[in-house]
Each structure stands twice: as C-alpha cells, then as structure tokens.
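A.B. asks:
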Amino acid sequence: MIYKSWQGFCLCAETDDVFPLGAEAAPSPFAPLVFLVRRDPMTSRGFFAIQRLEELWEGEGINLLTPCRAQVPPSVPEELAVLVSAVGAGVLNVSFGRAFAWLLAHKAPKKTGFRVTLVGLGDVGGTVLTGLKLLGREIGEIAIYDPNQAQCARYEMELNQVLSPDGGPLPRVTICKEEELFQCDLFAFTASRGVPGLDSGVADVRMAQFEANRQMLDSYAQKARDAAFQGVFCQISDPVDLLSRSVFLASNRDRQGRYDFAGLLPEQVQGFGLGVMAARAAYYAQKVGADFSQGRAYGPHGQGLVIANHWAGDRYDAALSEELTRQTREANLRVRDLGFKPYIAPGLSSAAISLLQLLRGEDHYGAVPLAGAYFGCRSRYTRQGLAVVREDLCQPLLDRLAQTHRQLRELIVP
C-alpha cells in the first residue's frame, strides 16, 4: 500500500496513478484515512464509509446490507486494519471526475445553518415545506421554487408568519431564483407531471409518472452538473428509485449525450419514498397486534416493496411479512378510495422527517446506489461517506431482496 498526505487527508492506494497532484509521500497511515480506487462508475459507488478493512475488497450488490464476508489480502499491512477498526475510513472512486472536489467540499461537515432548496409546491411540496419549517432547527434557510409565482409568494408570506412553539429559531423561507437553485446543501425535488386522477383506475400510480417526470428531471440534472453542485439531490416525486438513477445518469452525460462521469457522484443522489412505507407497515402491524419494533422496509416505493416483520432469522415470519407488504403497498389506494390523494403521510414520513435525519447524520430510509440501481434501505451520511446499515439478515429475506434488486436493475438502462 502507498500512503500520501493531501489537504489534511491520508490517501491510501495500491497503485501510484490514482493520487491527485500535490499529494506527498507519508511514512505511515493516519486519520482521516481515505482509500483511492478506480472502479466502473456505471455500477460502483463513489464515496462510501467502511468500518472494517475487509469491506474495501467486497463486491457491489445486495450483500452490502449484511455483515462483510470478504477477506483482507495477506500482503496488506496490519497497521491499516488496526487504524480502520479504530476510527473507520472512506473509500473514494477516482473514476468520477469530481471525486476530489467532493472530498474537499465535505472536509468539515456542517452541523447547523443548512440551506435547503425545495422545488415544487403542490400537495406534497407544501406538506414537506411545512414539516421542514416546523421541525428543521438545523436549517437556516429554505429556498422555494415553483413555476406558480403566486404559490411561492403565498408560502413565503404565510410560513414566515408561523410562531415558534418554544421561542427557538425557525428556518427562514425565501423565494429562490432559477440561477440559484443549486446554491444549497440539499436540493429537494417534489415537482411531478401526469399524476393520474382519483378515477383513473391506475393500479401503480408511481410507474405511470415515470416517463413524464424523467424528462422533466433531465434538465435539473444538467443544471446540477453545470453548477458543480456539492450537495445532495433528494428525489421525492415518484418513482423515487428509478428517477434517482435517472438523475445520476443524466448528470454524467455531456452535451452530446456521452457518459464522461463528470457530474454527480452516486451518493449525491438519494430517493425518498420508503419512510412512509415503514410507517404504514408499523400502522398495519399494530392493527393485528404484531410487534414491528424490529421491522424493516426495503426496495422500491411501490411494486417490489419488501416489508419484514423482523430482520433476524428465527423472528422473521414470511407469511406475516407478505401480508404486511401487501397492505403497505396498497395503503395509498385505501386513501384514494375515500376520495383523497395520499400525500400527507408521504410528505412527512418519506420526505420531511427523513431529510432531517439525513442532515443530522442519523439512520434514515432512502433509496441509495447499490450495484447499478437505487435501492431502498436504511443508511446515514458520515464524514467518511455514505454508510449503509448492515444487519445479519436471514436467508429468506435476503433472497427476496435479491429478487427485487434484479428487477430494479432491469427497469432502467443507460
């Protein structure tokens, strides 16, 4: 292994051709430690955290949700394993053109004073905005953008007239100019086209929105690329998993449509639709007296969703999990049966709450890059990169997740 010091980081790699200009030789590893790799940018992660050295050599796939079973090559110095076990490390994929810029931009992560841009002030967007206004103590400013300028003016006026329940500061709501959309830490996109009406009879509303929303998002992905955006692009309109992958791909194409991977890193895009599925599963579990305290939600926000009553082997109940999955997947239809669009719980559980957990560095539900697809699971952002929550999942549950992951990869291609 080669060690080099650069901008306060200890960079470590197996070959000398991956280091940035200005990196100087270091006699031994030190923290903060970042491993440099060169991997296929179409299917590999960009910047992620590891807690054990063997995680550096494991393959991409659904296995990343379980404890690592890879092994450290015998030629690797023991001092590296000791350091990683003690303080962790990051892994940076230099196949992405902006890899080192991302590393520098997040050298000293914020704790407060975040600037959030929210695009789209429809039913979902308005609910998200209200939740962030009331709960977002870490946020300094929420910049709103919508083609309907009257809607922007209304929300700026009304939400800046909301009293704090305890006298503490609440985030300021401002109207965002189009050229300032990506001058933020977190970009939240809720705008949507072609939402089927209540009487449409469409079984999977999310997939019906895919193509229309995909076309609209391409322009925003290009804007993020042009602005050299260094925040997180949070995709909230449906279907979040497929559209997240689409945003990542679109941002990494040049003006001629060729992939150059000079846009967003995979971890800069995350989909937010799974939080409400976990909340709905807990709701239905309570209805039948089932314990969901260790329950989990995985996969897409819609068809392919996997609900597990428990993640561990002897506590996992396949029949109960299948029933909870069905009820959770159809919960939005039950609201539509009453004559209403189901946007309150998604706007709060999937978006507002999950976005705040992201900013706080807490475990939250979201669709994250996993071997060529954006897959819903629990993860958290750390100084060392994105960390997926890993648990010793039972084999029947893991098999279900592998099937859903394969289906997601087949749904969207470059």
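Going by numbering that gives the first Met the number 0, 284 is the number at position 285 of the sequence shown; the sequence numbering is gapless.
Even for Gly, the Cβ is constructed at its ideal location relative to N, Cα and C.
This one's a predicted model, so the numbers in the text were calculated from it and none came from an experiment.
(1) Is the stretch 221-237 touching the stretch 60-80 in the sense that three or more CB pairs, one from each, lie closer than 8 Å?
(2) Rounded to a whole number of angstroms, what is the C-alpha to C-alpha distance between A249 and H363?
(3) Is it buried or exposed for R335, if we count other Cβ within 10 angstroms and need 16 for buried?
(4) May I ask you to list the residues that DSSP assigns as paired with K3?
(5) For S163, collect the residues of the same chain with a Cβ closer than 6 Å to its Cβ; drop the 5 residues on either side in sequence, then sort them by chain order.
(6) Do G60 and A370 have their C-beta atoms closer together than 8 Å?
(7) For T403, which option in N308, A296 and K340 has the closest C-alpha, if you only look at C-alpha atoms?
(8) What does the alpha-carbon distance come out to for the pair L10 and S4?
(9) Measure the alpha-carbon distance for N159 versus Q150 and round it to whole angstroms.
(10) Kindly list the residues whose CB is nearer than 6 Å to the CB of F47, restricted to its own chain and excluding five residues on each side of it in sequence; keep chain order.
(11) Could you pull out every residue in the same chain whose Cβ sits closer than 7 Å to the Cβ of P19, ignoring the five residues on either side in sequence?
(12) How is F47 classed by DSSP in three states: helix, strand or coil?
(13) Just the Cα atoms here: how many angstroms apart are Q148 and V118?
(14) Starting from E140, trace the beta strand (DSSP E) both ways and give me its first and last residue.
(15) Kindly indicate the opening and closing residues of the alpha helix (DSSP H) around R379.
(16) I believe C67 touches E57 by the beta-carbon criterion, under 8 Å. Please report the beta-carbon distance rounded to the nearest angstrom.
(17) For G298, collect the residues of the same chain with a Cβ closer than 6 Å to its Cβ; drop the 5 residues on either side in sequence, then sort them by chain order.
(18) Considering just the uninterrupted stretch of the beta strand (DSSP E) at N251, what are its terminal residues?
(19) In whole angstroms, what separates the C-alpha of V367 from that of A401?
(20) Is DSSP giving V71 helix, strand or coil here?
(21) In angstroms, rounded to a whole number, what distance separates the CA positions of A350 and I143?
(22) Could you round the C-beta distance between L32 and V93 to whole angstroms and report it? I think they count as a contact, below 8 Å.
(23) Give, in chain order, every unbroken run of the alpha helix (DSSP H) that is at least 4 residues long and sits entirely within the stretch 234-315.
(24) Can you check DSSP and say which residues form a bridge with H363?
(25) Using a threshold of 8 Å, state whether the C-beta atoms of F395 and A317 are closer than that.
(26) Can you check which of these residues, G360, L241 and Y315, is closest to L216 by C-alpha distance?
(27) What first and last residue would you give for the beta strand (DSSP E) that runs through F186?
(28) Where does G384 fall in DSSP's three states?
(29) Taking only runs that begin and end inside the stretch 52-139, name each unbroken beta strand (DSSP E) of 3 or more residues, in chain order.
(30) Once DSSP output is grouped into helix, strand and coil, what is the label at T417?
(31) Near A281, what residues of its chain come up, given a Cβ to Cβ distance below 6 Å and the 5 sequence neighbours on each side ignored?
(32) Please determine, among Q208, W310, V161 and N251, the residue with the shortest C-alpha to C-alpha distance to S218.
(33) Counting only beta-carbon atoms, is A187 nearer than 8 Å to chain B?
(34) Whole angstroms is fine: what's the gap from T129's alpha carbon to M156's?
C.D. replies: Quick look at the numbers:
(1) Counting Cβ pairs under 8 Å, fewer than three are found: no touch.
(2) 26 Å
(3) buried
(4) Bridge partners of K3 according to DSSP: L10 and A24.
(5) For S163, where only same-chain residues beyond five positions count, the Cβ hits under 6 Å are L169.
(6) yes
(7) A296
(8) Cα to Cα, the separation comes out at about 6 Å.
(9) 14 Å
(10) V90, G384 and L385
(11) W5 and F99
(12) strand
(13) 12 Å
(14) I138 to Y144
(15) Element bounds for R379: not the alpha helix (DSSP H) but the beta strand (DSSP E), Y373 to T381.
(16) 5 Å
(17) Excluding the 5 residues flanking it on each side, G298 has same chain C-beta neighbours closer than 6 Å at L304, V305, G375 and T403, in chain order.
(18) Unbroken run through N251: none, as it is neither H nor E.
(19) 15 Å
(20) coil
(21) 15 Å
(22) Going by Cβ atoms, the distance from L32 to V93 rounds to 16 Å, so no, they are not a contact pair.
(23) 239-250 and 274-286
(24) Note: H363 sits in a beta bridge opposite S378.
(25) With the sequence shown as reference, residue 395 is identified as Pro, and Phe is not the correct amino acid for it. Going by C-beta atoms, P395 is nearer than 8 Å to A317.
(26) L241
(27) Looking at the DSSP string, the run of the beta strand (DSSP E) that includes F186 is L185 to F188.
(28) strand
(29) 88-92 and 113-118
(30) The structure shown does not extend to residue 417, since the chain is modelled only from 0 to 413, so the question has no answer here.
(31) Cβ contact annotation for A281 (same chain, cutoff 6 Å, sequence separation greater than five): F291, in chain order.
(32) Looking only at Q208, W310, V161 and N251, the smallest Cα-Cα distance to S218 is reached by N251.
(33) As a matter of chain content, chain B is missing from the structure shown, which is built from one protein chain.
(34) 13 Å
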